[in-house]
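For what it's worth, this note's numbering labels the leading residue of the sequence shown as 3, then goes sequentially. For each residue, glycine too, the CB sits at the ideal point set by N, CA and C. Being a predicted model, the structure only gives us computed values, none of them experimental. Notes for the one structure printed next.
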Amino acid sequence: MGSKHEQTVIASGSNSTQAGTVSSAKPTHTEKAQTSAAHHPFKFTHFRVGNRNVKSIFADGDEIWIGTSGGVIRYNKRTDKHKMYDVTNGLLSNGVFHVSKMDGKIVVGTYGGGMSLFDEKKETWETFNIPDGLGDAFVYDVLKMSNGDVWIATWSGANRVRKGELKNKKQWDLYTVENTRGGLPNDWVYGLAEGKHGEVWMATEGGLARYKDGKWSHWAHADGLGADFDKVKADIKFKNDPSKVSSHHARQKVEQGLQNINIAYNPNYIVALLVDHDGNVWCGTWGGGLSKFNGKTWKVYTVKDGLPADHIFMLDQDKSGRIWIGTSDGLSLFDGKQFKNYSVADGLFSKNVFSMDIDNDGESWVGSFGGVTRIKGL
Numbered sequence: 003m004g005s006k007h008e009q010t011v012i013a014s015g016s017n018s019t020q021a022g023t024v025s026s027a028k029p030t031h032t033e034k035a036q037t038s039a040a041h042h043p044f045k046f047t048h049f050r051v052g053n054r055n056v057k058s059i060f061a062d063g064d065e066i067w068i069g070t071s072g073g074v075i076r077y078n079k080r081t082d083k084h085k086m087y088d089v090t091n092g093l094l095s096n097g098v099f100h101v102s103k104m105d106g107k108i109v110v111g112t113y114g115g116g117m118s119l120f121d122e123k124k125e126t127w128e129t130f131n132i133p134d135g136l137g138d139a140f141v142y143d144v145l146k147m148s149n150g151d152v153w154i155a156t157w158s159g160a161n162r163v164r165k166g167e168l169k170n171k172k173q174w175d176l177y178t179v180e181n182t183r184g185g186l187p188n189d190w191v192y193g194l195a196e197g198k199h200g201e202v203w204m205a206t207e208g209g210l211a212r213y214k215d216g217k218w219s220h221w222a223h224a225d226g227l228g229a230d231f232d233k234v235k236a237d238i239k240f241k242n243d244p245s246k247v248s249s250h251h252a253r254q255k256v257e258q259g260l261q262n263i264n265i266a267y268n269p270n271y272i273v274a275l276l277v278d279h280d281g282n283v284w285c286g287t288w289g290g291g292l293s294k295f296n297g298k299t300w301k302v303y304t305v306k307d308g309l310p311a312d313h314i315f316m317l318d319q320d321k322s323g324r325i326w327i328g329t330s331d332g333l334s335l336f337d338g339k340q341f342k343n344y345s346v347a348d349g350l351f352s353k354n355v356f357s358m359d360i361d362n363d364g365e366s367w368v369g370s371f372g373g374v375t376r377i378k379g380l
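Right, here's the structure in full:
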């Protein structure tokens, strides 16, 4: 990348090789320096988590919470200590999609175990599931709005908990394709974001939705979301086509007129969602590249514009306004003009980048399959 960087690999026997366990022993550290044409130093550090996907990362001061397909890892970057939370000590499912913090408690959205809240002081878990009002036990995202409402993205619609009163079932609403008369374009909701004017944006498998002042709007590929197939078909190398293994995804392709496309492409399928500092909405799609929506018009970016891949799994923005993009073939930084791409050769743990957060020290924590990469200096 035209820069000098050091690569630090952190590993210890059981926490780098065994699925389902993380070693309580202090990891051993080894360093390997690499040199290229120097502009500025930056460093990649690897943390191995075993045979797990890292779908969510949340930085809370010195504590880094890592949501994996085998539970939640709580890592303190100052003390180098970590602890594992899974079905043996509080969670109802080891599969974790989402980690954040709300009203002083850690929020965990799980794969089949509902939503769990962790009280760090009491070391206790509280779980909310379908009997409490949750639309589905599969929770992909949780958002606390500035007005106090809590929104929850599930695979059976989107919940709104008015005033955040989770323990009052009367305050729970559930929005679906059926009861919104198509305002919500698809019941599989993957992401949530608050807009600059108090609206809620939702990433779904059928496009982008907005809920504002009690009214619904939505946009799909026909409106400008995602690149046309002819523009990306030669660049798609990612082989994971959900329609080949899931009847649900296969039905979605038929309903969206994509049944004759036999590779991993669905421009309506939004996996990553971001509202930037200016209020623009960014949508990362399944093979259709990256789309930016200013409320009126769409701008689509693909491999041909400089992205490393057209499958976008993660979006974030740093204090300087740069957009961080996790793809099926590495990490990309977009400054509004050009993309700078980082790969395994540059120091990433793995090419599939699923999650990221930036801590108070400006360090980026990047999640992939099998590990986390900490990046300093970018």
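With DSSP collapsed to three states, give me the class of residue i.
i, result
"Lys-306", "helix"
"Thr-375", "strand"
"Ser-370", "strand"
"Gln-319", "strand"
"Asp-2", "The question about residue 2 has no answer here: the residues shown for the chain are numbered 3 through 380."
"Ile-132", "helix"
"Lys-34", "Note on Lys-34: pLDDT 34, under 50, position unreliable in the model; the coordinate value appears next. Three-state result, Lys-34: strand."
"Ala-266", "coil"
"Glu-201", "coil"
"Gly-166", "helix"
"Phe-231", "helix"
"Arg-183", "coil"
"Arg-253", "helix"
"Ala-236", "coil"
"Ser-26", "Because the pLDDT of Ser-26 is 31, which lies under 50, any placement of that residue in the model is unreliable, and the number read from its coordinates should be weighed accordingly. Ser-26 falls in the coil class under three-state DSSP."
"Lys-339", "coil"
"His-279", "coil"
"Lys-171", "helix"
"Val-89", "coil"
"Asp-225", "helix"
"Ala-39", "Unreliable placement is indicated for Ala-39, whose pLDDT of 36 sits below 50; the coordinate value is still reported in the next sentence. Reduced to three states, the DSSP call for Ala-39 is coil."
"Leu-348", "The amino acid at residue 348 is misidentified as Leu; the sequence shows Asp. If DSSP states are grouped into helix, strand and coil, Asp-348 belongs with the helices."
"Leu-94", "coil"
"Leu-176", "strand"
"Ser-357", "strand"
"Gly-209", "strand"
"Arg-50", "strand"
"Asp-363", "coil"
"Gly-297", "coil"
"Asp-195", "It should be pointed out that residue 195 corresponds to Ala in this sequence rather than to Asp. If DSSP states are grouped into helix, strand and coil, Ala-195 belongs with the strands."
With distances taken between CB atoms, is the gap from residue i to residue j smaller than 8 Å?
i, j, result
"Ile-68", "Val-89", "no"
"Val-144", "Val-152", "yes"
"Trp-284", "Leu-276", "yes"
"Ala-347", "Ser-330", "no"
"Val-74", "Phe-356", "no"
"Gly-137", "Asn-161", "yes"
"Gly-197", "Gly-281", "yes"
"Ile-154", "Met-117", "yes"
"Ser-372", "Ser-352", "First, the residue type needs correcting, since residue 372 is Gly and not Ser in the sequence shown. Yes, these two residues count as a Cβ contact at 8 Å."
"Ser-58", "Asn-96", "no"
"Phe-120", "Lys-378", "no"
"Ser-366", "Leu-380", "yes"
"Val-202", "Asn-188", "no"
"Arg-376", "Phe-130", "no"
"His-279", "Gly-323", "yes"
"Gly-150", "Lys-165", "yes"
"Ile-272", "Thr-206", "yes"
"Ser-148", "Gly-200", "yes"
"Leu-309", "Ala-274", "no"
"Leu-94", "Tyr-87", "no"
"Trp-221", "Phe-341", "no"
Assuming residue i and residue j form a contact by the criterion Cβ under 8 Å, report the distance between their Cβ atoms to the nearest whole angstrom.
i, j, result
"Gly-382", "Gly-209", "Residue 382 is absent from the model: the chain starts at 3 and stops at 380."
"Val-101", "Ile-108", "7 Å"
"Ile-314", "Ala-61", "Their Cβ separation, rounded to whole angstroms, is 21 Å, which puts Ile-314 and Ala-61 out of contact at 8 Å."
"Ile-327", "Gln-319", "About 10 Å separates the two Cβ atoms, so there is no contact after all."
"Ala-139", "Gly-115", "6 Å"
Please decide whether residue i counts as near chain B, where near means a Cβ-Cβ distance under 8 Å.
i, result
"His-199", "Although the question refers to chain B, the structure presented lacks it and comprises just one protein chain."
Below 8 Å, how does it come out for the segment 78-85 and the segment 122-129: are there three or more Cβ pairs, yes or no?
no
So, does the segment 264-272 touch the segment 332-339, judging by three or more C-beta pairs under 8 Å?
no
Inspect the CB distances between the segment 167-175 and the segment 193-212 and report whether three or more fall short of 8 Å.
no
Under 8 Å: do the segment 232-239 and the segment 179-196 share three or more Cβ pairs, one atom per stretch?
no
Which residue spans inside the segment 101-165 form an unbroken beta strand (DSSP E) run of at least 3?
107-112, 117-121, 126-130, 141-146, 152-156, 159-163
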